[in-house]
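Residue numbers (my numbering): 10 to 212.
Beta carbons are placed, not taken as given, at the ideal position from N, Cα and C, and that holds for glycine.
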Amino acid sequence: MSRYRGPRLKKIRRLGALPGLTRKTPKSGSNLKKKFNSGKKEQYRIRLQEKQKLRFHYGLTERQLLRYVHIAGKAKRSTGQVLLQLLEMRLDNILFRLGMASTIPGARQLVNHRHILVNGRIVNIPSFRCKPRDIITTKDNQRSKGLVQNYIASSDPGVRAWDEHGQEEFDLKALLFVTINDWPALRRMCTWDIVDFFRAGIP
């Protein structure tokens, strides 16, 4: 299944706020509220919904998400926690969480257009896995810096995982802990339901 490119409001009405996909939020009287109050859901529906939240938030294809679940499943620690760590340390997500892009698709565009450097080298792969102590910068030209500065000025402090110091260079040391534990949107995602969805062999 390919990456979703359809109407974004349609997804947040059904799944709730997905800040990685869009900055818009569903209205309080939307179909989402009615669905949640319509009675007990079947276990399959719950697992499918949690999986879809994660997939659309991070902008992944079905195959990409399945690959991350398999990698996380080989770790000795909690599969769900490792899964979130892998997704949070993708370069496109890091740019979004630093406020360098308003959405993850926007961050992916910055990477694809070669505006971003990691440790001094251009990286044009959005799924590139960053590590603590990596340093992310923009290319040293007016266009690249201007794009990022505009995003930073309008970024949401509730999503941003850094303070106001150093808007052109970001040291990712200790960022991994902050992004996973301090962002409510991640705590609301039930990773066990997502892992169980794939373990059950549901396509």
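Euclidean distance between Cα positions of residue i and residue j
i: isoleucine 55; j: histidine 124; result: 39 Å
i: glutamine 158; j: tyrosine 77; result: 32 Å
i: asparagine 133; j: leucine 126; result: 9 Å
i: valine 91; j: histidine 79; result: 11 Å
i: proline 135; j: glutamine 52; result: 33 Å
i: leucine 93; j: alanine 81; result: 9 Å
i: arginine 86; j: leucine 95; result: 13 Å
i: alanine 84; j: methionine 109; result: 31 Å
i: tyrosine 160; j: alanine 26; result: 20 Å
i: asparagine 102; j: arginine 142; result: 16 Å
i: glycine 117; j: arginine 99; result: Sequence check: residue 117 is arginine here, not glycine. Taking the straight line joining both Cα atoms gives about 10 Å.
i: arginine 130; j: isoleucine 144; result: 10 Å
i: threonine 70; j: histidine 122; result: 21 Å
i: arginine 213; j: phenylalanine 105; result: The shown model of the chain, from 10 to 212, leaves out residue 213, and the question about it has no answer.
i: leucine 156; j: glutamate 97; result: 22 Å
i: phenylalanine 137; j: threonine 31; result: 22 Å
i: alanine 162; j: glycine 115; result: 15 Å
i: arginine 72; j: leucine 119; result: 23 Å
i: serine 111; j: asparagine 128; result: 23 Å
N- and C-terminal bounds of the alpha helix (DSSP H) containing residue i
i: valine 91; result: 88-97
i: leucine 126; result: Not the alpha helix (DSSP H): leucine 126 falls in the beta strand (DSSP E), residues 125-127.
i: isoleucine 113; result: 113-121
i: isoleucine 55; result: 52-67
i: alanine 81; result: 71-82
For residue j and residue i, believed in contact at Cβ under 8 Å, the rounded distance
i: leucine 74; j: arginine 64; result: 5 Å
i: histidine 66; j: glycine 29; result: 4 Å
i: lysine 62; j: leucine 24; result: 5 Å
i: threonine 147; j: lysine 140; result: About 19 Å separates the two Cβ atoms, so there is no contact after all.
Counted within 10 angstroms of its Cβ, other Cβ atoms place residue i as buried (16 or more) or exposed
i: aspartate 149; result: exposed
i: isoleucine 113; result: buried
i: glutamate 173; result: Low per-residue confidence applies at glutamate 173: pLDDT is 45, beneath 50, and the placement is therefore not dependable, though the value from the model is reported in the following sentence. Exposed, by the Cβ-count rule.
i: glycine 68; result: buried
Endpoints, the beta strand (DSSP E) within which residue i is located
i: isoleucine 144; result: 144-147
Beta carbon proximity, residue i to chain C, threshold 8 Å
i: glutamine 151; result: The chain inventory of the structure shown lacks chain C, comprising one protein chain alone.
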